[in-house]
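In the working numbering, the protein residues as written are 5 to 200.
Every residue gets a Cβ at the ideal spot worked out from N, C-alpha and C, and that includes glycine.
To start, the structure under review is shown below, and the notes come after it.
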């Protein structure tokens, strides 16, 4: 844990945090939430700074969302042209565009908390031509809420176990996984109800 503590309190940590949160926006196997939770655990002891962790994580996530949306925007025309009119995939693409036009902001904010959902939604928003200004607003809301939530979950764990940061980290990660699992369970139940 000393190695982790040394890394998290390094001045380079903020650059790493920003980069990991950014890359997670378009390459979702990068574990940015775990890193933010870990930073929150250590922030309970004073270093790194909790507000700076939230801002840096949110900024990285915001930029990453824009990269993913840009990739979708650049590829969307090709995807759409490659989908035969009347096909299932074309219908799904058109339906996604309709749903996003109607409530894309809410979808983007909620997707932030669904593993892999963030990337799928931001790519689709770009591909379907979701308005850039609205995307930026809701991406900012999603990024700030996610950065704050993740860092605070870690902070709670770190504050509860100041003398044992490993336990604090495990508690923080456990809370984050529990909330994500609960969100997935709610989504699963809603889908089942819609199918009936």
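Simplified DSSP state of residue 86, which is helix, strand or coil
In the three-state scheme derived from DSSP, where H, G and I count as helix and E and B as strand, residue 86 is classed as coil.
Beta-carbon spacing of residue 156, residue 54 below 9 Å:
Closer than 9 Å, so yes.
Rounded to whole angstroms, what is the Cα-Cα separation between residue 133 and residue 19?
Looking at the two C-alpha atoms, the distance is approximately 31 Å.
In three-state terms, what does DSSP make of residue 31?
Residue state for residue 31 is assigned as coil, using DSSP reduced to three classes.
What residue range is occupied by the uninterrupted alpha helix (DSSP H) comprising residue 48?
For residue 48, there is no enclosing alpha helix (DSSP H), since its DSSP letter is neither H nor E.
Determine contact between the segment 59–79 and the segment 138–156, defined as no fewer than three beta-carbon pairs at a distance below 8 Å.
Enough Cβ pairs lie closer than 8 Å, so yes.
Put residue 132 into one of helix, strand or coil per three-state DSSP.
Coil, per DSSP.
Can you check which of these residues, 123, 89, 109, 43, is closest to residue 137 by C-alpha distance?
Closest by alpha carbon: 109.
Once the 5 residues before and after residue 47 are set aside, which same chain residues still bring their CB inside 8 Å of it?
Counting only Cβ-Cβ distances below 8 Å, and skipping sequence neighbours, we find 53, 54, 57, 155, 158, 159, 162.
Any idea what DSSP makes of residue 109, helix, strand or coil?
Three-state DSSP puts residue 109 in a helix.
Once DSSP output is grouped into helix, strand and coil, what is the label at residue 16?
In the structure shown, residue 16 sits in coil (DSSP, three-state: anything other than H, G, I, E or B).
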